[in-house]
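Report on the following structure.
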Amino acid sequence: MSDMKYLLLRRQTWYVQVRVPPSLYPILGKHKIIRSLKTQNLAEAKVRKHHAVGAIKIFLHEIANAGESNLQDRWASNWVAQMTPFDGAVSCHTKGGSTSISQALDDHLEELEKRGRRPSTINARRKKVEAFLEWLEGAGEKGQITKQRAGQYVSQALMKRSIALKTIKDTLCDLSAFFEWCSQRGQGGIKVNPFQGMVCP
Numbered sequence: 004m005s006d007m008k009y010l011l012l013r014r015q016t017w018y019v020q021v022r023v024p025p026s027l028y029p030i031l032g033k034h035k036i037i038r039s040l041k042t043q044n045l046a047e048a049k050v051r052k053h054h055a056v057g058a059i060k061i062f063l064h065e066i067a068n069a070g071e072s073n074l075q076d077r078w079a080s081n082w083v084a085q086m087t088p089f090d091g092a093v094s095c096h097t098k099g100g101s102t103s104i105s106q107a108l109d110d111h112l113e114e115l116e117k118r119g120r121r122p123s124t125i126n127a128r129r130k131k132v133e134a135f136l137e138w139l140e141g142a143g144e145k146g147q148i149t150k151q152r153a154g155q156y157v158s159q160a161l162m163k164r165s166i167a168l169k170t171i172k173d174t175l176c177d178l179s180a181f182f183e184w185c186s187q188r189g190q191g192g193i194k195v196n197p198f199q200g201m202v203c204p
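If you count the sequence shown from 1, you need to add 3 to reach this note's numbering.
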């Protein structure tokens with residue numbers, strides 16, 4: 004699958020576009036939802052689109068279940084909640100480049116969608132993977148993602164935050180599932196799952 008999926012370039016600015024299911028045409032009055040990613044950088048757009056697409060798909064899922072009541076309020080709160088963490092510039096670095104890991108995440112999430120996973124489940128995995136990649140960027144860690152770096156993320160990021168152990172375990176499960184998928188499919192330059200067998204101390 005192309006890593007350009009969902010992206011649209013307008014006046015040198017990147018946008019994300021998601022098709023509206025036919026059943027929701029009468030409610031939304033449109034065939035696509037298009038929103039700005041507020042960047043002219045393609046690499047950033049490829050990362051930011053996961054947040055944007057996740058927000059839009061959750062919104063569509065909620066509207067399909069709840070109808071058109073509080074439509075605008077529901078959209079506004081959902082969009083702000085999903086997009087706020089990535090208002091600034093974000094990039095990801097792994098062996099093979101930022102594009103490869105971004106495309107790997109895109110492919111992985113699409114496969115989960117095809118397998119019938121709930122939008123909230125898919126969005127949760129996306130957030131956890133991107134949080135780890137953002138931590139690598141903030142720590143100045145570029146190159147191959149190793150088990151040592153994965154361990155540092157657990158001890159230096161996850162364990163220092165005031166979050167429940169169950170949340171940390173769920174995060175490790177999601178990260179391990181994604182990188183295991185990458186290693187099995189030869190995606191993102193990942194040869195070995197760096198989170199394999201990792202548990203909370």
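Even glycine gets a Cβ: it sits at the ideal position worked out from N, Cα and C. Treat the numbers as computed from the prediction; the structure is a model and nothing was measured.
- For K150, no beta strand (DSSP E) segment is defined; the enclosing uninterrupted segment is the alpha helix (DSSP H) at 150 to 156.
- With respect to the 8 Å criterion, S105 and K33 are not classified as neighbours on the basis of their beta carbons.
- Distance from the Cα of L108 is smallest, within the candidate group L63, P25, S165, E183, for E183.
- In the DSSP annotation of this structure, the continuous segment of the beta strand (DSSP E) that includes I37 starts and ends at 35 to 39.
- G200 and L136 have their alpha carbons spaced roughly 20 Å apart.
- Each of A55, L27, W17 was checked against the Cα of Q43, and the nearest Cα belongs to W17.
- Contact check for V132 against F181 passes: the beta carbons are separated by less than 8 Å.
- Under the DSSP assignment, L11 falls in the beta strand (DSSP E) whose first and last residues are 10 to 13.
- Checking the DSSP bridge columns, you'll see W17 partnered with L12.
- If you check the CB distance, V23 and A55 do not come in under 8 Å.
- Annotated as distal: R152 and H53, with beta-carbon spacing of 8 Å or more.
- Within the DSSP secondary-structure output, R22 pairs in a beta bridge with K35.
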